[in-house]
Each structure stands twice: as structure tokens, then as C-alpha cells.
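Comments concern the structure below.
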Amino acid sequence: MAEEEFPNTTHESFNVTLHTTLGITTKLVLPTPAKPILPVQTGEQAQQEEQSSGMTIFFTLLVLAICIILVHLLIRYRLHFLPESVAVVSLGILMGAVIKIIEFKKLANWKEEEMFRPNMFFLLLLPPIIFESGYSLHKGNFFQNIGSITLFAVFGTAISAFVVGGGIYFLGQADVISKLNMTDSFAFGSLISAVDPVATIAIFNALHVDPVLNMLVFGESILNDAVSIVLTNTAEGLTRKNTSDVSGWQTFLQALGYFLKMFFGSAALGTLTGLISALVLKHIDLRKTPSLEFGMMIIFAYLPYGLAEGISLSGIMAILFSGIVMSHYTHHNLSPVTQILMQQTLRTVAFLCETCVFAFLGLSIFSFPHKFEISFVIWCIVLVLFGRAVNIFPLSYLLNFFRDHKITPKMMFIMWFSGLRGAIPYALSLHLDLEPMEKRQLIGTTTIVIVLFTILLLGGSTMPLIRLMDIEDAKARRRSKKDVNLSKTEKMGNTIESEHLSELTEEEYEAHYIRRQDLKGFLWLDAKYLNPFFTRRLTQEDLHHGRIQMKSLTNKWYEEVRQGPSGSEDDEQELF
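In this text, residue positions in the sequence shown follow UniProt numbering: the first is 1, and each later residue adds one.
Spelled out as C-alpha cells, the structure:
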């Protein structure tokens, strides 16, 4: 049978009858062709999409370049009292207004380029931020305070989510604000409970507080982000399951089980990935090829996120714990060159991601339609502040019964006041799948207002509040009047963590850690068994080779700079 006889016949209905020599008739059904991997596009459609993607990349890079110049000016003119996040958000608002005027005058249309895409945030921007925060933790203080940190991060965030979500639900039932069902209210309460650790830690560094208390707040802030995301995913999961015909207790137990699975499953996956990376780089010596070593670290850094998301766990929780474990074990199996390279690369990428998110947060005021309800916004701000207070004050008083380092009432107030909201609530609000569209617009608009309120008003008034409360000691007060610095870039951009560059031989490690009498619990177990198993103990020959390698590379880089196109030996002093 000729194929050209049926030019309009589809494969699904095309049967070929074969007559064999024995008279047996067989029907042969041709298989259905596979769907194309990529959508079929005309030449014009493909060209338009390519142009749009190119303009989006250009616009994003342009915004980042302007923000970097702004941060540089803040550092150069010593405007240390102004947090970088406040400055970048303000710049984003200004740029959004300019773009809106350009569109109104019909000079250009950048509406698609200035839109913030939540998927891009969760896949590209958030993982480096979370991984770097875990990687740069001071592990000693973190593990010593793991109980207090977990109490604030898990129970504190849950308390805040229930207070905000429950308040919104009951106010809606009383017709005070727009009505949201229970799961939508809890989803909003969960996403708005994520605090911004960058501004919080900048405030405490300016206060010169006790490093243990600093770690307590920093650790809570980092874990808080992951817990908030997991709680929001839990609420979304309940919405998709349609639990309207299930009792309240059954819904609560389902939510609790889902949360525990997401939290502990993701944490276990991230921890396991970090431990595997430590063993791989311990037994496969890549220290003489830093490019391969660095490439392997980048792969292991992103690996747990993709795996966790692929098996319906929390990629953010997994990558956070992977960063903590890789910093504690894997980092010490690297060559000195890769150790420094990892720290600086992670800080640079995290800075670019944070800056991009805060800039687009400011742009978002003009980039999509809003639904502004004044009563809903005001009540949400009140509930957010009240939920933070119910979180901080009772838990702090409870912890003071078990801590040697007490949290004073003034410090509790600063902790409550510095609970700023940042990029994560904003992205989560755009990622919520709510119907109808007016509900999504209401949640998105309210979240943006709360984030801007906390960043601009609370963040901008933090330093005057510190002065007013006068909680620093005399020496710190005299020093801080000259050196108040809320710039994360200046403080962290040109420093190397000494904790991450320790070079101890096996004998020195045993004398310094294992024989210490004050190690207890996990710290003793880690020093005695885990650390020796997962990390490489250096010999004197290894240390000597590492120092020679660093010296050789430093001399080589210096010679390249000195003998560059515009360099000369006469200009040598100008380099430094």
C-alpha cells in the first residue's frame, strides 16, 4: 500500500493490512509519534522570544550594575548608617517610576523585562543566598546554641505563622477584612513570618553584642527562612488536597506530618549530601588541580537542591544543611587556593542575588496590577508585629532559665524591632496558586507593602532607636559613634574567615580539640570521631606544599598585575 495515497491520514487511525501467502490477515498499527521536546515555533516567534530573553538579561544586568555603583558610593562616602537593602529597594522604586513614565510617554515598553519571575527566584537566586548563609556560619557557636536556635526558628516561626494566619481568618469571618479560608490564611501567615537576616545581623554587629547572642539571632534568622518556606508549602499542599470535608484535627495532623516529612527529610538529605562530598574530596585528591576541585564543590553545592525538589522535598532546607555540613567538613579537604576561592565566590554570587531581588522588589510596585485594601494592610501589619512579639518575648524569657548569657529586655525589644521582612515573603506571595486572581493580587500587594514598611521604616529607624535606648557599654558607645557600619559588603567582602583556613596537623588537632576537657555532647563526638573520619588530617609535607603553592600563585598574580598594559615598576607603590 503506497503511503502517498493517504496524505491526510493520521498515524493514530492508519492501519495497514498485510496479506501473507498463507491467507492470514494481520493488522499492523503504527506507533504514535513522540511529542516534540521543544514547542513548535515559527521563525518569527522564535526570533521574538530570543529578543525578549536578550532584553531581559540586558535589563537585569543593567539594574545590577547600577546597584553595584550605588553600594560603592555608600561605602566611599561612608554612609554606613544606611543599610544596603534600604538603598537598593529605594533605587528600584525610583527606576520603576522612571520606566512607568517612559511607558506612559510610549517611548518604550519594558513591561515584560521588569517583571519579577518567582520561578527564577526559587531556582536561581535563592539557592546561592541560602547556601552561602549556611556555609559562612561560625559552626562552633552554632552547634553550642543549636537548642535555642531551633526553638526560635521552628517554634517561634510556627507561633508567628499561627498568630498572623489565625488573626486574618477570624477577622475575615467577622467581616472586618476580606475573607480568606483557613489554609490561605495560614499560607500568608507562614510566608510573612520569614525575617531578613542581613539587616538583623548588621544591626547586632553595630551594637557590639555578645557573639553568642549574635549567633543566636543569626542562626534563628537563617533557619527561619527555610522553616517559613516549608510551612508555606505545607499550606499549599493542604489546599491542593482539598481538605474541606476533613475535620480540624485531621487537617492539623496532616499538616504536622507533611511539615515533619519536609523538614527532617530535607535536612537529612542535605546532611547526607554534604557528608558524601566530604568523603569524595577526602579520598579523591584534587588539590593539585584547583579548577577541578572548585568545579566539584559547585556541583555538590547545587546537587541537594535539585534532588530534594525532584522528590517533593524542600530544596531550600536541603541546601542550607548541605552548606553547613560542607563548610564544617568538606571545606577542610580543599587546597588553600580553593578555600579562598569558595568563600569569595559564594559571597559575590550571594551579593548579586540579594541585590537583584531587592531591586526587583522596588520595581514590583509598578510592574503588575495591585489590589490595595487599606483595612487588610493595616490589620496585617498589626498582626505581623504582634506575632513577632508573641514569638520573641515568651521564648526569650523561657530560654533565660537555661542560659548563662541572659537576653535582656532591651535586647528582646531590639530583636522584635529588627524582624524585618525581605525577599522571601515577596517571592512566596507571587508563587502562591490562589483563586480567584483578585485574591492573589491582594496577597501580593499586601506583602509588598509590609516588606517595604519593615525595610524602609523599621530598617531606617533602627540606628536612631539604638542611640535612644543607649544599650551599649561606654567603650562600644564611643567606638560606635565613629564606626557604625551597616554595610554587609564592606564588612564581609574583603575578609577571610580564619575558621575556614585552619591548617592543623593530626598531632596539633588532637592536642587542640580532642584533649580539651570542656567539650561535651555533639562537640566531643564531632572532635573525637566525626571530624577525623570526614576530613583529611594534614602532614607537615602537605602544609609545606600548600604554603609553597599559595606563595607561588600570589607572586604570579602580582607579576601579572605589575607587568600589565598600564603597569610598571614605578607604579608599584600605587597598587597598594
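A virtual CB, placed ideally from N, CA and C, is assigned to each residue, including glycine.
Predicted, not measured: the structure shown is a model, and the values here were computed from it.
*How should residue 556 be labelled, buried or exposed, when 16 other C-beta atoms within 10 angstroms of its C-beta is the threshold for buried?*
Numbered from 1 along the sequence shown, position 556 holds the residue referred to as residue 556. Answer is exposed; the Cβ neighbour count stays below 16.
*Could you please give the first and the last residue of the uninterrupted alpha helix (DSSP H) stretch that includes residue 372?*
Here residue 372 refers to the residue found at position 372 of the sequence shown. DSSP places residue 372 in no alpha helix (DSSP H); its state is neither H nor E.
*Can you give me the start and stop residues for the alpha helix (DSSP H) that residue 526 sits inside?*
One-based indexing of the sequence shown puts residue 526 at position 526. Annotation: residue 526 is outside any alpha helix (DSSP H) and is labelled neither H nor E by DSSP.
*Where the alpha helix (DSSP H) through residue 440 begins and ends*: Position 440 of the sequence shown holds residue 440. 437 to 452 is the extent of the alpha helix (DSSP H) around residue 440.
*Using the beta-carbon count (16 or more within 10 Å), is residue 13 buried or exposed?*
Your numbering for residue 13 matches position 13 in the sequence shown. In this predicted model, residue 13 has a pLDDT of only 47, less than 50, meaning its place in the structure is not dependable; the value taken from the coordinates is given anyway. Exposed is the call here.
_Validate contact between the stretch 248 to 257 and the stretch 302 to 316 using beta carbons, cut 8 Å, 3 pairs_ = no
*residue 97 versus residue 369 - alpha carbon distance*: Here residue 97 refers to the residue found at position 97 of the sequence shown. Here residue 369 refers to the residue found at position 369 of the sequence shown. Each residue's Cα considered, the two are about 14 Å apart.
_Through-space distance from residue 294 to residue 341, alpha-carbon basis_ = As a working mapping, residue 341 is identified with position 341 in the sequence shown. As a working mapping, residue 294 is identified with position 294 in the sequence shown. Answer to the nearest angstrom: the Cα atoms are 8 Å apart.
*For residue 195, does the three-state DSSP call read helix, strand or coil?*
Counting from one through the sequence shown, the residue named residue 195 turns up at place 195. Here residue 195 sits in strand by DSSP.
*Spatial neighbours of residue 235 within its chain, please: CB distance less than 7 Å, with the 5 preceding and 5 following residues excluded, ordered by chain position.*
As a first step, residue 235 must be located in the sequence shown, where it is residue number 235. Here the set comprises 183, 186, 187, 190.
*Within this structure, are the beta carbons of residue 134 and residue 311 separated by less than 8 Å?*
Numbered from 1 along the sequence shown, position 134 holds the residue referred to as residue 134. Numbered from 1 along the sequence shown, position 311 holds the residue referred to as residue 311. Residue 134 is not a Cβ neighbour of residue 311, given a cutoff of 8 Å.
*Given 8 Å, three or more beta-carbon pairs between the stretch 47 to 54 and the stretch 314 to 323*: no
_Give the list of continuous beta strand (DSSP E) stretches no shorter than 3 residues that lie fully inside the stretch 383 to 409._
none
*Does the Cβ of residue 102 have 16 or more other Cβ atoms within 10 Å, making it buried, or fewer, making it exposed?*
The residue you call residue 102 lines up with position 102 of the sequence shown. Classification of residue 102: exposed, given that the 10 Å Cβ count is below 16.
_Just to confirm the assignment, what range does the alpha helix (DSSP H) spanning residue 457 have?_
Within the sequence shown, residue 457 is the residue found at index 457, counting from 1. No alpha helix (DSSP H) contains residue 457, which DSSP labels as neither H nor E.
*Put residue 347 into one of helix, strand or coil per three-state DSSP.*
For the purposes of this step, residue 347 is identified with residue 347 of the sequence shown, where counting begins at 1. DSSP places residue 347 within a helical segment (H, G or I) once states are collapsed to three.
*What is the DSSP secondary structure of residue 537, counted as helix, strand or coil?*
What you label residue 537 is simply residue 537 of the sequence shown in a count that begins at 1. Coil.
_For residue 147, the first and last residue of its enclosing alpha helix (DSSP H)_ = As a first step, residue 147 is located in the sequence shown; it is residue number 147 there, counting from the start. Segment 146 to 150, the alpha helix (DSSP H) holding residue 147.
*For residue 314 versus residue 427, is the C-beta distance shorter than 8 Å?*
In the sequence shown, counting from the first residue as 1, residue 314 sits at position 314. In the sequence shown, counting from the first residue as 1, residue 427 sits at position 427. Result no, Cβ atoms of residue 314 and residue 427 do not sit closer than 8 Å.
*Just the Cα atoms here: how many angstroms apart are residue 171 and residue 330?*
Here the question's residue 171 lines up with position 171 in the sequence shown. Here the question's residue 330 lines up with position 330 in the sequence shown. The alpha-carbon atoms of residue 171 and residue 330 are separated by roughly 50 Å.
_residue 421 in three-state terms, based on DSSP_ = Here the question's residue 421 lines up with position 421 in the sequence shown. Strand at residue 421.
*Comparing alpha-carbon positions, which option in 265, 300, 271, 420 lies nearest residue 280?*
Position 280 of the sequence shown holds residue 280. The residue with the shortest Cα to Cα distance from residue 280 is 300.
*Excluding five sequence neighbours on each side, which residues of the same chain lie with their C-beta closer than 6 Å to the C-beta of residue 156?*
Within the sequence shown, residue 156 is the residue found at index 156, counting from 1. These residues qualify, in order along the chain: 391, 395.
_For residue 358 and residue 63, believed in contact at Cβ under 8 Å, the rounded distance_ = By one-based count along the sequence shown, residue 63 stands at place 63. By one-based count along the sequence shown, residue 358 stands at place 358. The Cβ separation is near 10 Å, so there is no contact.
*Just mark residue 232 as buried or exposed, buried being the case when its beta carbon has 16 or more other beta carbons within 10 Å.*
Here residue 232 refers to the residue found at position 232 of the sequence shown. Residue 232 is buried by the Cβ-count criterion.
_Alpha-carbon to alpha-carbon, residue 147 and residue 366_ = Translated into positions along the sequence shown, residue 366 becomes position 366. Translated into positions along the sequence shown, residue 147 becomes position 147. Distance between the alpha carbons of residue 366 and residue 147: 43 Å.
*Under 8 Å by Cβ, that's how I've got residue 164 and residue 136 pegged, so tell me the actual separation to the nearest angstrom.*
As a working mapping, residue 164 is identified with position 164 in the sequence shown. As a working mapping, residue 136 is identified with position 136 in the sequence shown. About 30 Å; that fails the 8 Å criterion.
_Residue range of the alpha helix (DSSP H) that includes residue 135_ = Residue numbering aside, residue 135 sits at position 135 when the sequence shown is read from its first letter. 126 to 135 is the span of the alpha helix (DSSP H), which, as asked, contains residue 135.
*Is it true that the stretch 430 to 438 meets the stretch 396 to 403, where meeting means three or more beta-carbon pairs spaced less than 8 Å apart?*
no
*Just the Cα atoms here: how many angstroms apart are residue 524 and residue 224?*
Locating residue 524 in the sequence shown gives position 524, where the first residue counts as 1. Locating residue 224 in the sequence shown gives position 224, where the first residue counts as 1. So the alpha carbons of these two residues sit roughly 27 Å apart.
_In this structure, how does DSSP classify residue 83 when only helix, strand and coil are distinguished?_
Here residue 83 is taken as the residue at index 83 of the sequence shown, counted from 1. In the structure shown, residue 83 sits in coil (DSSP, three-state: anything other than H, G, I, E or B).
*Hey, could you find the ends of the alpha helix (DSSP H) residue 307 is sitting in?*
By 1-based counting over the sequence shown, the position of residue 307 is 307. Annotation: the continuous alpha helix (DSSP H) that includes residue 307 extends over 290 to 310.
_Alpha carbon of residue 429 to alpha carbon of residue 178, nearest angstrom_ = Taking the sequence shown and counting its residues from 1, the one referred to as residue 429 is at position 429. Taking the sequence shown and counting its residues from 1, the one referred to as residue 178 is at position 178. Between residue 429 and residue 178, the C-alpha separation is close to 17 Å.
*Where residue 284 and residue 126 are concerned, what is the direct C-alpha to C-alpha distance, given to the nearest angstrom?*
As a first step, residue 284 must be located in the sequence shown, where it is residue number 284. As a first step, residue 126 must be located in the sequence shown, where it is residue number 126. Straight-line Cα distance between these residues: approximately 30 Å.
*Can you tell me whether DSSP reads residue 285 as helix, strand or coil?*
Indexing the sequence shown from 1 puts residue 285 at position 285. Residue 285: coil per DSSP, three-state reduction.
*List the whole-angstrom C-beta distance separating residue 405 from residue 535, where the pair is believed to meet the contact cut-off of C-beta under 8 Å.*
Within the sequence shown, residue 405 is the residue found at index 405, counting from 1. Within the sequence shown, residue 535 is the residue found at index 535, counting from 1. Not a contact, Cβ separation roughly 30 Å.
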